[in-house]
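Participant:
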Amino acid sequence: MARKTLQEYLDTIYPYTVEPDPEGGFVVIFPDLPGCATVAETPEEIHSMAEEARRLWIESVYERGMDVPEPLGAEQYSGRFVVRMPRSLHRRLAEDARRNGVSLNTYTVALIERALGATAKDERLERIERRLERIERRLVNPSTQFDLDVRVKESPYRVDWETTPEASPAPVGAPENGRGRRDRLTLIKGGVAA
Numbered sequence: 001m002a003r004k005t006l007q008e009y010l011d012t013i014y015p016y017t018v019e020p021d022p023e024g025g026f027v028v029i030f031p032d033l034p035g036c037a038t039v040a041e042t043p044e045e046i047h048s049m050a051e052e053a054r055r056l057w058i059e060s061v062y063e064r065g066m067d068v069p070e071p072l073g074a075e076q077y078s079g080r081f082v083v084r085m086p087r088s089l090h091r092r093l094a095e096d097a098r099r100n101g102v103s104l105n106t107y108t109v110a111l112i113e114r115a116l117g118a119t120a121k122d123e124r125l126e127r128i129e130r131r132l133e134r135i136e137r138r139l140v141n142p143s144t145q146f147d148l149d150v151r152v153k154e155s156p157y158r159v160d161w162e163t164t165p166e167a168s169p170a171p172v173g174a175p176e177n178g179r180g181r182r183d184r185l186t187l188i189k190g191g192v193a194a
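In UniProt numbering, the protein residues as written are 1 to 194.
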């Protein structure tokens with residue numbers, strides 16, 4: 001296959017992403033063109049700055065004789081592919097699909113979608129579990145006092161946790177921590193104890 005002309009590459013549409021820059025303006029990135037990015041000061045400049053960055057990047061790469069990648073979205077997905085599997089698995093899928101009153105294809109697609117969704121949920125649960133383990137490690141030390149930021153939606157909460165010294169009176173109703181001391185937990189929202 002012959003190499004495309006420079007104009008053919010320039011006429012190709014490449015998607016780009018726009019992210020607000022913490023220091024002001026907007027960062028524009030072309031995921032399909034490695035290293036092709038620019039910054040626009042205002043929303044009105046985004047498209048023109050993006051087009052200029054794309055054009056300069058393509059011209060530079062093309063003039064050096066390097067390959068200009070095609071946009072990933074240009075790949076055509078037919079929605080069909082062949083999967084080889086043991087006959088026993090094929091039979092099981094077909095029987096399960098029949099019991100559920102759907103085609104084998106519909107049933108298989110639903111299983112794949114469910115598995116992909118479960119993977120994302122598992123990753124979120126693992127992050128939560130790691131956070132809880134860190135909190136638990138800090139709670140095990142009886143002489144620890146710390147602040148914990150908890151974010152619920154966009155509202156910040158702060159939790160003050162303190163284990164009272166043995167000689168100090170514990171707050172009424174505070175649970176015994178098993179070491180003759182009581183733990184005090186205070187939830188603070190907006191600087192006021194909740």
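Every residue, glycine too, gets a C-beta built ideally from N, C-alpha and C.
Assuming F26 and P20 form a contact by the criterion Cβ under 8 Å, report the distance between their Cβ atoms to the nearest whole angstrom.
Facilitator: In the sequence shown, counting from the first residue as 1, residue 26 sits at position 26. In the sequence shown, counting from the first residue as 1, residue 20 sits at position 20. Contact flag correct, Cβ pair sits at about 6 Å.
Participant: For L127 and K121, I'd like the C-alpha separation in whole angstroms.
Facilitator: Stepping through the sequence shown from its first residue, residue 127 is reached at position 127. Stepping through the sequence shown from its first residue, residue 121 is reached at position 121. The sequence given here places Arg at residue 127; Leu does not occur at that position. When rounded, the distance between both Cα atoms is 10 Å.
Participant: For A37, report the span of its beta strand (DSSP E) as first-last.
Facilitator: What you label residue 37 is simply residue 37 of the sequence shown in a count that begins at 1. Its beta strand (DSSP E) spans residues A37 to A40.
Participant: Per DSSP, what are the beta-bridge partners of P20 in this structure?
Facilitator: Taking the first residue of the sequence shown as 1, we reach residue 20 at position 20. According to DSSP, which records beta bridges pairwise, P20 is partnered with F26.
Participant: Any idea what DSSP makes of G101, helix, strand or coil?
Facilitator: Translated into positions along the sequence shown, residue 101 becomes position 101. In the structure shown, G101 sits in coil (DSSP, three-state: anything other than H, G, I, E or B).
Participant: Taking the straight line between their C-alpha atoms, what separation do you get for E59 and Y16?
Facilitator: If you number the sequence shown from 1, residue 59 lands on position 59. If you number the sequence shown from 1, residue 16 lands on position 16. Using only the alpha carbons, I get a separation of about 18 Å.
Participant: In chain order, what residues of the same chain lie with their CB nearer than 8 Å to the CB of Y107, ignoring the 5 residues before and after it?
Facilitator: Reading the sequence shown from its first residue, position 107 is the one you call residue 107. Once the five neighbours on either side are set aside, the close Cβ partners of Y107 are L93, D96, A97 and N100.
Participant: Can you look up A50 in the DSSP assignment and give me helix, strand or coil?
Facilitator: For the purposes of this step, residue 50 is taken as residue 50 along the sequence shown, with counting starting at 1. Correct three-state label for A50: helix.
Participant: For the alpha helix (DSSP H) holding E70, just list the boundary residues, first then last.
Facilitator: Translated into positions along the sequence shown, residue 70 becomes position 70. Run containing E70: none; DSSP gives neither H nor E here.
Participant: Starting from D11, trace the alpha helix (DSSP H) in both directions and tell me its first and last residue.
Facilitator: The sequence position of residue 11 within the sequence shown is 11, counting from 1. First-last of the alpha helix (DSSP H) with D11: L6 to D11.
Participant: How would you call D147, buried or exposed, if buried means at least 16 neighbouring beta carbons within 10 angstroms?
Facilitator: Translated into positions along the sequence shown, residue 147 becomes position 147. For D147, the predicted model reports a pLDDT of 49, less than 50, meaning its position is unreliable; a value from the coordinates is still stated below. Answer is exposed; the Cβ neighbour count stays below 16.
Participant: Taking the CB atoms as reference points, tell me whether I29 and A40 lie closer together than 8 Å.
Facilitator: Taking the sequence shown and counting its residues from 1, the one referred to as residue 29 is at position 29. Taking the sequence shown and counting its residues from 1, the one referred to as residue 40 is at position 40. Their beta carbons are not under 8 Å apart, which means I29 does not touch A40 by this criterion.
Participant: Would you call the CB atoms of Y9 and D32 closer than 8 Å?
Facilitator: By 1-based counting over the sequence shown, the position of residue 9 is 9. By 1-based counting over the sequence shown, the position of residue 32 is 32. Not closer than 8 Å, so no.
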